[in-house]
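Asker: Residue numbers 20 to 532, in our numbering, belong to the letters of the sequence shown in order.
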Amino acid sequence: MALRLHNTLTKKVEEFVSRDAGKAALYVCGLTVYDHAHLGHMRAAIVFDVLRRYLEWKGLQVTHVQNFTDVDDRIIQRAQNEGVPFDEVTEKYITEYRQALEALNVLPPHVEPRASRHIPDMIEMIARLVEQGYAYYAEGDVYFDVTKRPGYGKLSGRVLEDLRAGARVEPGEFKRHPADFALWKRAKPGEPNWESPWGRGRPGWHIECSAMSLKYLGMGFDIHGGGDDLIFPHHENEIAQSESYTGKEPFARYWIHNAMVMVRGEKMSKSLHNYFAVMDALRVYPADAIRYALVSVHYRKPIEVDEERFADAARAVERLRVALTAVDAVMASVKVRDGSGQPSGKLVGAVQRARSAFESTMDDDLNTAGALAAIFELVAEMNRAADEVQKGQIPAALAQIGLSMARAMFLELTGLLGLAFKSAPIDHEVQQKVLRIAQAFRSTAVHSNTETLISNLLDVRERARASKDFSTADQIRKLLAEAGIIVEDLPTGPRWRVVSAAGSRAPSGGGDG
Ligand SMILES: [Zn+2]
Numbered sequence: 020m021a022l023r024l025h026n027t028l029t030k031k032v033e034e035f036v037s038r039d040a041g042k043a044a045l046y047v048c049g050l051t052v053y054d055h056a057h058l059g060h061m062r063a064a065i066v067f068d069v070l071r072r073y074l075e076w077k078g079l080q081v082t083h084v085q086n087f088t089d090v091d092d093r094i095i096q097r098a099q100n101e102g103v104p105f106d107e108v109t110e111k112y113i114t115e116y117r118q119a120l121e122a123l124n125v126l127p128p129h130v131e132p133r134a135s136r137h138i139p140d141m142i143e144m145i146a147r148l149v150e151q152g153y154a155y156y157a158e159g160d161v162y163f164d165v166t167k168r169p170g171y172g173k174l175s176g177r178v179l180e181d182l183r184a185g186a187r188v189e190p191g192e193f194k195r196h197p198a199d200f201a202l203w204k205r206a207k208p209g210e211p212n213w214e215s216p217w218g219r220g221r222p223g224w225h226i227e228c229s230a231m232s233l234k235y236l237g238m239g240f241d242i243h244g245g246g247d248d249l250i251f252p253h254h255e256n257e258i259a260q261s262e263s264y265t266g267k268e269p270f271a272r273y274w275i276h277n278a279m280v281m282v283r284g285e286k287m288s289k290s291l292h293n294y295f296a297v298m299d300a301l302r303v304y305p306a307d308a309i310r311y312a313l314v315s316v317h318y319r320k321p322i323e324v325d326e327e328r329f330a331d332a333a334r335a336v337e338r339l340r341v342a343l344t345a346v347d348a349v350m351a352s353v354k355v356r357d358g359s360g361q362p363s364g365k366l367v368g369a370v371q372r373a374r375s376a377f378e379s380t381m382d383d384d385l386n387t388a389g390a391l392a393a394i395f396e397l398v399a400e401m402n403r404a405a406d407e408v409q410k411g412q413i414p415a416a417l418a419q420i421g422l423s424m425a426r427a428m429f430l431e432l433t434g435l436l437g438l439a440f441k442s443a444p445i446d447h448e449v450q451q452k453v454l455r456i457a458q459a460f461r462s463t464a465v466h467s468n469t470e471t472l473i474s475n476l477l478d479v480r481e482r483a484r485a486s487k488d489f490s491t492a493d494q495i496r497k498l499l500a501e502a503g504i505i506v507e508d509l510p511t512g513p514r515w516r517v518v519s520a521a522g523s524r525a526p527s528g529g530g531d532g
């Protein structure tokens with residue numbers, strides 16, 4: 020089956036055919052690093068992370084380039100306001116952004132170029148554009164002349180005449196046409212600046228992405244991505260200057276844009292002060308729940324975020340996790356894995372159906388909402404089979420082959436959406452409480468990690484129950500509950516999970532005794 024993607028350039032859903040067979044070159048506009056990243060930025064990161072994972076799953080060797088815009092008016096403003104060096108601001112927010120991406124299980128791009136380290140590449144481009152007559156010098160600035168570029172507006176559908184009426188020229192700008200844009204800006208006092216043929220100054224924003232994408236991916240690369248708020252003017256201008264510079268078309272073959280994250284009907288943005296910083300969201304919701312919420316809506320539809328959406332997502336992730344744990348419990352209860360069991364026909368069918376439903380829906384312009392539905396169909400079969408084993412209707416040994424196939428498919432498909440099912444970290448206070456309980460029961464493993472301590476305590480409890488010492492068994496269960504560890508007894512053995520201090524469930528992967 021072939022992947023089809025909506026191309027903003029043609030306004031159609033088209034079959035994806037890469038420039039080089041077996042490879043895919045992906046450039047995504049990255050963050051301007053002047054403030055905390057918010058959920059709007061994370062949606063873009065996650066959409067293109069899913070696209071990358073999916074292309075790789077389809078067998079393509081992906082090169083993913085995502086820049087940092089670390090030369091920008093807003094960064095300069097921030098550094099001046101805070102009285103700190105320019106790169107102190109950028110380093111701080113680059114580090115924070117990377118932490119957020121790691122927490123949300125976003126694969127790091129292969130190349131993360133910074134604008135400030137590619138100034139010579141930009142100067143080279145601008146010089147050629149001036150030479151070719153596409154750009155002109157005016158009072159220390161260099162502008163791109165949009166009237167020289169036939170087809171300007173082809174991405175965004177803008178028309179030059181309308182732009183003349185709509186645009187306004189700021190004081191101190193010397194543009195010939197109001198839609199002309201700066202390739203180079205003369206230095207102002209106190210701003211970072213570089214030497215150039217036009218005097219000291221710094222590049223404009225649009226040329227940064229052209230220079231860095233062409234440098235790492237070459238002309239005619241496969242996918243250029245970003246939020247749909249970048250279509251105009253940023254991406255329109257990238258096309259104009261890159262195609263003028265190289266004299267070739269297209270600059271990028273497919274333009275993929277994700278819709279915005281909305282809060283009460285308005286775009287989440289710094290300027291509207293209606294944003295959730297990612298690090299704040301991560302303190303309230305498990306990473307998988309945030310990720311789930313952001314992939315539960317098709318990437319070209321705006322997504323409204325509120326507490327309810329994240330709470331729903333957290334419940335959905337919990338249902339997935341419970342299914343996985345139930346299957347793990349069955350697998351753990353099979354003492355000898357001799358492979359003699361017959362795979363359940365129902366499960367094998369469900370695994371095949373899930374894979375094919377997942378692929379056909381993802382092939383249809385990356386329909387992640389449909390992909391989740393395919394996963395839940397598989398989960399229903401996993402639950403049913405695990406339930407039958409727990410009720411003693413079929414022996415675990417018989418179900419194990421089908422369940423292990425289902426488990427592997429479940430992890431493969433959820434992994435493509437970037438769900439990690441990592442154990443929630445056990446906070447220090449809970450760790451200390453568990454340690455005290457372990458000491459009280461003279462656990463020999465008091466130097467072990469908390470997971471091992473809990474596992475040992477559950478062993479002590481099992482032995483107590485086996486020798487009919489129910490008061491000791493109950494006491495261990497009660498003390499663990501007080502410490503925030505809930506123990507559930509399943510036919511296949513006890514299972515535990517952490518209940519977070521806030522009362523919201525932050526389940527752990529858990530042992531199964
Ligand atoms: Zn860009």
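Every residue, glycine too, gets a C-beta built ideally from N, C-alpha and C.
1. What did DSSP end up calling T29 once you bin it into helix, strand or coil?
2. Give the range of the beta strand (DSSP E) segment to which K173 is assigned.
3. Select from N386, M381 and R374 the residue whose C-alpha is nearest the C-alpha of E396.
4. Within this structure, are the beta carbons of M381 and A388 separated by less than 8 Å?
5. State the DSSP-derived secondary structure class of Q151, mapped to helix, strand or coil.
6. Just list the residues that DSSP pairs H243 with in beta bridges.
7. In the structure shown, what three-state DSSP assignment does G59 receive?
8. Measure the Cβ-Cβ separation of V125 and I145 and say whether it is below 8 Å.
9. Pairing CB atoms from the region 327-345 with CB atoms from the region 423-435, are three or more of them under 8 Å?
10. Between which two residues does the beta strand (DSSP E) harbouring V81 extend?
11. Alpha helix (DSSP H) containing I94: first to last residue?
12. Ordered along the chain, which non-local residues of its own chain (more than five positions away) have a Cβ less than 7 Å from that of Y53?
13. Please give the ranges of any alpha helix (DSSP H) in the region 292-339, keeping only runs that are unbroken, at least 4 residues long and fully inside the region.
14. Which residues in the same chain as A521 place their Cβ atom closer than 6 Å to its Cβ, once the five residues preceding and following it in sequence are excluded?
15. Ignore the nearest five residues each way along the sequence and tell me which others in R133's own chain have a CB closer than 6 Å to its CB.
16. Less than 8 Å between the C-beta atoms of L179 and G170, yes or no?
17. Does ligand 1 have even one heavy atom less than 7 Å from the beta-carbon of H447?
18. Relative to ligand 1, what is the chain-ordered list of residues with a Cβ closer than 5 Å to any of its non-hydrogen atoms?
19. I'd like to confirm the pairing. Which residues does DSSP put opposite M281 in its beta bridges?
20. Can you tell me whether D299 is buried or exposed, with buried defined as 16 or more other CB within 10 angstroms of its CB?
21. Does the beta-carbon of P513 have 16 or more other beta-carbons within 10 angstroms, so that it is buried, or is it exposed?
22. Note down, in chain order, each residue of its chain lying with its Cβ closer than 6 Å to the Cβ of I142, except the 5 sequence neighbours on either side.
23. I250 to G223, Cα distance in whole Å?
24. For H254, tell me which candidate among K194, H129, C48 and E323 has the shortest Cα-Cα distance.
25. Where does K365 land, buried or exposed, given buried means 16+ other C-beta within 10 angstroms?
26. Report back the beta-carbon spacing between L435 and R310 to the nearest angstrom; my notes put them in contact at under 8 Å.
27. How long is the line joining the alpha carbons of F460 and D248, rounded to whole angstroms?
28. Helix, strand or coil: how does DSSP classify R187 here?
29. Beta-carbon separation of G41 and Q85 under 8 Å?
30. For a cutoff of 8 Å on Cβ pairs, would you count L438 as touching chain C?
Answerer: So, from the data block:
1. What you label residue 29 is simply residue 10 of the sequence shown in a count that begins at 1. In this structure, T29 counts as coil in the three-state DSSP scheme.
2. On the sequence shown, position 154 is the one that residue 173 refers to. Boundaries for K173: no beta strand (DSSP E) harbours it, and the DSSP string shows neither H nor E there.
3. Counted from its first residue, the sequence shown places residue 396 at position 377. Ranking N386, M381 and R374 by Cα distance to E396 puts R374 first.
4. For the purposes of this step, residue 381 is taken as residue 362 along the sequence shown, with counting starting at 1. For the purposes of this step, residue 388 is taken as residue 369 along the sequence shown, with counting starting at 1. Their beta carbons are not under 8 Å apart, which means M381 does not touch A388 by this criterion.
5. Counting from 1 along the sequence shown, the entry for residue 151 is found at position 132. Reduced to three states, the DSSP call for Q151 is coil.
6. Here residue 243 corresponds to residue number 224 of the sequence shown, with the count starting at 1. DSSP lists Y46 and W274 as partners of H243.
7. Taking the sequence shown and counting its residues from 1, one reaches residue 59 at position 40. Three-state DSSP puts G59 in a helix.
8. Here residue 125 refers to the residue found at position 106 of the sequence shown. Here residue 145 refers to the residue found at position 126 of the sequence shown. Not in contact: V125 and I145 (Cβ atoms no closer than 8 Å).
9. yes
10. Start at 1 with the first residue of the sequence shown, and residue 81 comes out as number 62. Note, V81: beta strand (DSSP E), Q80 to Q85.
11. If you number the sequence shown from 1, residue 94 lands on position 75. Residue range D92 to E101 is occupied by the alpha helix (DSSP H) that includes I94.
12. Here residue 53 is taken as the residue at index 34 of the sequence shown, counted from 1. Once the five neighbours on either side are set aside, the close Cβ partners of Y53 are D91, R93, I94, R97, V108 and Y112.
13. 297-303 and 306-314
14. Locating residue 521 in the sequence shown gives position 502, where the first residue counts as 1. With a pLDDT of only 37 at A521, under 50, the local geometry of the prediction cannot be trusted, and the value read off the model is given with reservation. The beta carbon of A521 lies closer than 6 Å to none in the same chain, with the five residues before and after it left out.
15. To locate residue 133, count along the sequence shown from 1; it is residue 114. For R133, where only same-chain residues beyond five positions count, the Cβ hits under 6 Å are F87 and D89.
16. Counting from one through the sequence shown, the residue named residue 179 turns up at place 160. Counting from one through the sequence shown, the residue named residue 170 turns up at place 151. In this structure, G170 does not lie closer than 8 Å to L179 by Cβ.
17. For the purposes of this step, residue 447 is taken as residue 428 along the sequence shown, with counting starting at 1. For ligand 1, not one heavy atom lies less than 7 Å from the Cβ of H447.
18. C48 and C228
19. Residue numbering aside, residue 281 sits at position 262 when the sequence shown is read from its first letter. M281 pairs with K286 and E323.
20. As a working mapping, residue 299 is identified with position 280 in the sequence shown. Classification for D299: exposed.
21. Locating residue 513 in the sequence shown gives position 494, counting from the first residue. P513 comes out buried.
22. As a working note, residue 142 is residue 123 in the sequence shown. S215, listed in sequence order.
23. As a first step, residue 250 must be located in the sequence shown, where it is residue number 231. As a first step, residue 223 must be located in the sequence shown, where it is residue number 204. The straight-line gap separating the alpha-carbon atoms of I250 and G223 is approximately 16 Å.
24. Taking the first residue of the sequence shown as position 1, residue 254 is located at position 235. Of the listed residues, the one whose Cα sits closest to H254 is C48.
25. If you number the sequence shown from 1, residue 365 lands on position 346. Exposed: under 16 other Cβ atoms inside 10 Å.
26. Numbered from 1 along the sequence shown, position 416 holds the residue referred to as residue 435. Numbered from 1 along the sequence shown, position 291 holds the residue referred to as residue 310. L435 to R310, Cβ: 12 Å. No contact.
27. Looking up residue 460 in the sequence shown gives position 441. Looking up residue 248 in the sequence shown gives position 229. Near 60 Å, if we compare the C-alpha coordinates of D248 and F460.
28. Start at 1 with the first residue of the sequence shown, and residue 187 comes out as number 168. Three-state DSSP puts R187 in coil, outside helix and strand.
29. Translated into the one-based positions of the sequence shown, residue 41 becomes position 22. Translated into the one-based positions of the sequence shown, residue 85 becomes position 66. Going by C-beta atoms, G41 is not nearer than 8 Å to Q85.
30. Absent from the structure: chain C. Only one protein chain is present.
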